[in-house]
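**Student:**
Residue numbers (my numbering), protein chains in the order written: chain A, 273 to 574; chain B, 868 to 1325.
#1: Just by C-beta distance, which residues in the region 967-994 of chain B are closer than 8 Å to chain A?
#2: At which residues does the alpha helix (DSSP H) containing residue 974(B) begin and terminate?
#3: Report buried or exposed for residue 891(B), applying the criterion of at least 16 other Cβ atoms within 10 angstroms of its Cβ.
#4: Contact between the region 353-364 of chain A and the region 496-514 of chain A: three or more CB pairs below 8 Å?
#5: So residue 1161(B) is in the alpha helix (DSSP H); what residue range does that whole segment cover?
#6: May I have a chain-ordered list of the alpha helix (DSSP H) segments no shorter than 4 residues that lie completely inside the region 1055-1109 of chain B?
#7: For residue 1085(B), collect the residues of the same chain with a Cβ closer than 8 Å to its Cβ; drop the 5 residues on either side in sequence, then sort them by chain order.
#8: Please list the residues of the region 1165-1183 of chain B that have a C-beta atom closer than 7 Å to any C-beta atom in chain A, keeping them in chain order.
#9: Do you know how far the Cα of residue 394(A) is from the Cα of residue 436(A)?
#10: Provide the residue span of the beta strand (DSSP E) that contains residue 1175(B), from first to last.
#11: Check whether the Cβ atoms of residue 1292(B) and residue 1321(B) sit closer than 7 Å, and answer yes or no.
#12: Do you know whose CA, among 330(A), 421(A), 305(A) and 301(A), lies nearest residue 315(A)'s CA?
#13: Please report the distance separating the alpha-carbon of residue 1245(B) from that of residue 975(B).
#14: Mind checking whether residue 936(B) and residue 988(B) have CB atoms under 7 Å apart?
#15: For residue 520(A), decide whether its Cβ has a neighbour in chain B, counting only Cβ atoms nearer than 7 Å.
#16: Assuming residue 1253(B) contacts residue 1045(B) (C-beta within less than 8 Å), just tell me the rounded distance between them.
#17: Identify whether residue 1198(B) lies in helix, strand or coil by the three-state DSSP scheme.
#18: Please confirm whether residue 1115(B) and residue 1255(B) have their CB atoms less than 7 Å apart.
#19: Should residue 484(A) be labelled buried (16 or more other beta-carbon atoms within 10 Å of its own) or exposed?
#20: Give the range of the alpha helix (DSSP H) segment to which residue 558(A) is assigned.
#21: Would you grab the beta carbon distance between residue 1105(B) and residue 1209(B) for me? Rounded to a whole angstrom, and I think it's under 8 Å.
#22: Any beta carbon from chain A within less than 7 Å of residue 1114(B)'s own beta carbon?
#23: On a Cα-Cα basis, can you pick out the residue from 409(A), 503(A) and 457(A) that is closest to residue 1164(B)?
#24: What's the gap between the Cα of residue 1175(B) and the Cα of residue 1154(B)?
#25: Where do the ends of the beta strand (DSSP E) carrying residue 1217(B) lie?
#26: Would you identify the three-state DSSP class for residue 427(A), choosing helix, strand or coil?
#27: Taking 7 Å as the limit between beta carbons, can you name the residues of its chain near residue 253(A), skipping five residues before and five after?
#28: Please return the same chain residues whose Cβ sits closer than 7 Å to the Cβ of residue 563(A), not counting the five positions on each side in sequence.
#29: Using a Cβ-Cβ cut-off of 8 Å (strictly less than) and excluding sequence neighbours within five positions of residue 1019(B), which residues of its own chain qualify?
#30: Take residue 997(B) and list the residues in its own chain whose beta-carbon comes closer than 7 Å to its own, dropping the five residues that flank it on each side.
#31: Using a 10 Å radius around the Cβ and a threshold of 16 neighbouring Cβ atoms, would you call residue 457(A) buried or exposed?
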């Protein structure tokens, strides 16, 4: 087999180009360009409304270091990341196992019910949960707790420093479980039944089966889930914060995304907002790289 | 097998089609968000588009050239705008008027302001608009000399008939307030009468009646903690003016970020009164987590007696007002006995772009709309007050608006300028009051915060 005719090579190159070029162009246009443009703006003092921008070098980044609210925001972001990963994964895994391995009836119904929050718009979730937390007696949570306490409960869930972030965590977890549950269910259903049968004959308890068969075989999916939760939380918590508290009271529930919005669109410092954007990008990258390293386990083939 | 494969293929094609259509639908959805260019152009534009001389036409033919108006459409609707623009068109048949309007207009027009091709005339209102920022960005034309001499069609000076004066930006005027409203303390008149609670006329009577309300098991005072500018407008700022002996110039000094003004005696005394209210337990502790819908619903359901709000409140909640509820308002409750009421206004202004292509037409339009006739039209079409001293008694405006107008015309009331400050200082004002109400900081710490924010913004 000597050299193929050049028309073949050309066609092959054309074929590859035909797939890669449009993708590359789209990527450049809608991902790379805005990102680089954002980085570029972060070196300027710009209101976002003015025709003129002035170059100020690293001043926006220096300001990040001195800004107390940035500290609060990073802390709140990682608070949400940590608890969302722990709670969503624990609950989603439990439910996935329960719905696949425990011979329950009506699993279809449960699946739909538990997946339902994923189908509701976040805006609706925000409004719904604001009602739950309402401090007066319209609020479901306080009304419910009042049934057990002697006096009417009047906790201001979203207004106190020690309860606000936990109160925001609850809907975030509630709305997140369904998707990861489905993901893990699919993984569990891929495990051949014979593994469990063999383990059962060998006398392994359900807990041992879960620990030594299920977990190792769905580890890849769990890893993906963790990284996905981390990335979406660092980038997307903005929405739930804005719907629930707008970062208040007195900036105590601010996350990086909501603070970016406030600085850029309410206080008119687009340059500084872009610097916050760069910070989010860097922290997301570093966190997912570290997690990837930490979660590395030998992939177990079936 | 073959039929199965064919069916598979057709399913695939159907999917592709569905995707394409959903994309198209998304695009067309975006199209409807585009600025509505509903130019009411009456035909004559073609004939003289060549001889556009900047629009300084004589009185017979009116203005010529092109003229673009940007206005935000929100709670006040666009009826009034369409009405005045069509009147202006009738007066100037050769002018080609373009209206650029909508609820998202500030975001949609932002690129044009950045690129330096803004519309000629702009009504600054709604999300994404900020008058002080536009001035800081040198987007607006200096109207100092023009406004001082400008008269309307009735020959009256614009500044004489205005209720609220334009904001002073270091001795210069860039804007003219079009909408004039007042913050204040609202209550249900009927409910108060039923319980024998008196309408407060000063701080002393306010505290007394609040204690009485509290004793009956109702929260005396609720506010919108998620948006602290409600309590700033309805309570704090009027307290500051009252503590300054009713001299409203302190508001201008705050807006100008004068050094030390946020730690001055009147401000500290005003915050002292707020602390007094807070420590007496008169402010509903749940307020801090409430947005405007939550707090206003609680107010309408008689969970609280007073609420700081703006004159739009009755209109905004019109669908939810319970039977027998009778809105009334006091401009301020923080003045000492025998002192005058203080009205803290909120305004939405009109202005002319620094880079306007047809400034003559824009100035003419500004003079054209500031008449008593159009002010009555405004009150009837929007339920709000235009910034012109007009007689509304015979108009079909609502009772709260009429009651407000009678306060404005009374000599027992000081009308302060609207507090329009740098956005960073505004944020600090909002964060600060919440921190103070939540006992996280003292009035002195409030002063430190504000002085620091002001120093940075100066």
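Each residue gets a CB set at the ideal place from its N, CA and C atoms; glycine is no exception.
**Tutor:** To lay it out plainly:
#1: 977, 980, 981, 982 and 983
#2: In the second chain, the residue the question calls residue 974(B) occupies position 107. Where residue 974(B) is concerned, the enclosing alpha helix (DSSP H) stretches over 972-982.
#3: Numbered from 1 along the second chain, position 24 holds the residue referred to as residue 891(B). The predicted model places residue 891(B) with a pLDDT of 39, which falls under 50 and marks its position as unreliable, so this point remains unresolved.
#4: yes
#5: On the second chain, residue 1161(B) is found 294 positions in, with the first residue counted as 1. Membership of residue 1161(B) in the alpha helix (DSSP H) is indicated by the continuous run 1159-1167.
#6: As for any alpha helix (DSSP H) of minimum length 4 sitting wholly inside the region 1055-1109 of chain B, the runs are 1056-1062 and 1070-1082, ordered along the chain.
#7: The sequence position of residue 1085(B) within the second chain is 218, counting from 1. The answer, listed in chain order, is 1169, 1170, 1171 and 1172.
#8: 1165 and 1170
#9: Position 164 of the first chain, counting from 1, holds the residue named residue 436(A). Position 122 of the first chain, counting from 1, holds the residue named residue 394(A). Rounded to whole angstroms, residue 436(A) to residue 394(A) spans 18 Å at the Cα level.
#10: Sequence index remark: in the second chain, residue 1175(B) carries index 308 (1-based). That run of the beta strand (DSSP E) goes 1171-1177.
#11: Sequence index remark: in the second chain, residue 1292(B) carries index 425 (1-based). Sequence index remark: in the second chain, residue 1321(B) carries index 454 (1-based). Result yes, Cβ atoms of residue 1292(B) and residue 1321(B) sit closer than 7 Å.
#12: Locating residue 315(A) in the first chain gives position 43, where the first residue counts as 1. The residue from 330(A), 421(A), 305(A) and 301(A) with its alpha-carbon nearest to that of residue 315(A) is 330(A).
#13: Position 378 of the second chain, counted from the first residue, corresponds to residue 1245(B). Position 108 of the second chain, counted from the first residue, corresponds to residue 975(B). So the alpha carbons of these two residues sit roughly 26 Å apart.
#14: Start at 1 with the first residue of the second chain, and residue 936(B) comes out as number 69. Start at 1 with the first residue of the second chain, and residue 988(B) comes out as number 121. The answer is yes: Cβ separation under 7 Å.
#15: Sequence index remark: in the first chain, residue 520(A) carries index 248 (1-based). It does: the Cβ of residue 520(A) has a partner Cβ on chain B nearer than 7 Å.
#16: Walking along the second chain from the start, residue 1253(B) turns up at place 386. Walking along the second chain from the start, residue 1045(B) turns up at place 178. A Cβ-Cβ distance of about 6 Å is found for the pair residue 1253(B) and residue 1045(B), placing them in contact under the 8 Å criterion.
#17: Against the second chain, residue 1198(B) aligns to sequence position 331. Correct three-state label for residue 1198(B): coil.
#18: Indexing the second chain from 1 puts residue 1115(B) at position 248. Indexing the second chain from 1 puts residue 1255(B) at position 388. No, they are not a contact pair.
#19: On the first chain, position 212 is the one that residue 484(A) refers to. So residue 484(A) ends up on the exposed side.
#20: The sequence position of residue 558(A) within the first chain is 286, counting from 1. Where residue 558(A) is concerned, the enclosing alpha helix (DSSP H) starts and stops at 542-566.
#21: Numbered from its first residue, the second chain carries residue 1105(B) at position 238. Numbered from its first residue, the second chain carries residue 1209(B) at position 342. Yes, residue 1105(B) and residue 1209(B) are in contact; Cβ-Cβ is about 4 Å, under 8 Å.
#22: Residue mapping note: residue 1114(B) aligns to position 247 of the second chain, counting from 1. Not one chain A Cβ lies under 7 Å of residue 1114(B).
#23: Looking up residue 1164(B) in the second chain gives position 297. For the residues 409(A), 503(A) and 457(A), the minimum Cα distance to residue 1164(B) belongs to 409(A).
#24: Mapped onto the second chain, residue 1175(B) falls at position 308. Mapped onto the second chain, residue 1154(B) falls at position 287. Rounded to whole angstroms, residue 1175(B) to residue 1154(B) spans 12 Å at the Cα level.
#25: Walking along the second chain from the start, residue 1217(B) turns up at place 350. Its beta strand (DSSP E) spans residues 1212-1219.
#26: Here residue 427(A) refers to the residue found at position 155 of the first chain. In this structure, residue 427(A) counts as coil in the three-state DSSP scheme.
#27: Given a span of 273 to 574 for chain A in the structure shown, any question on residue 253(A) remains unanswerable.
#28: Reading the first chain from its first residue, position 291 is the one you call residue 563(A). Excluding positions up to five away in sequence, the list reads 498, 499 and 502.
#29: Position 152 of the second chain, counted from the start, is the residue given in the question as residue 1019(B). These residues qualify, in order along the chain: 1025, 1028, 1234, 1235, 1237 and 1238.
#30: Your numbering for residue 997(B) matches position 130 in the second chain. Once the five neighbours on either side are set aside, the close Cβ partners of residue 997(B) are 1290.
#31: Residue 457(A) sits at position 185 when you count from the first residue of the first chain. Buried, since its Cβ has 16 or more Cβ neighbours within 10 Å.
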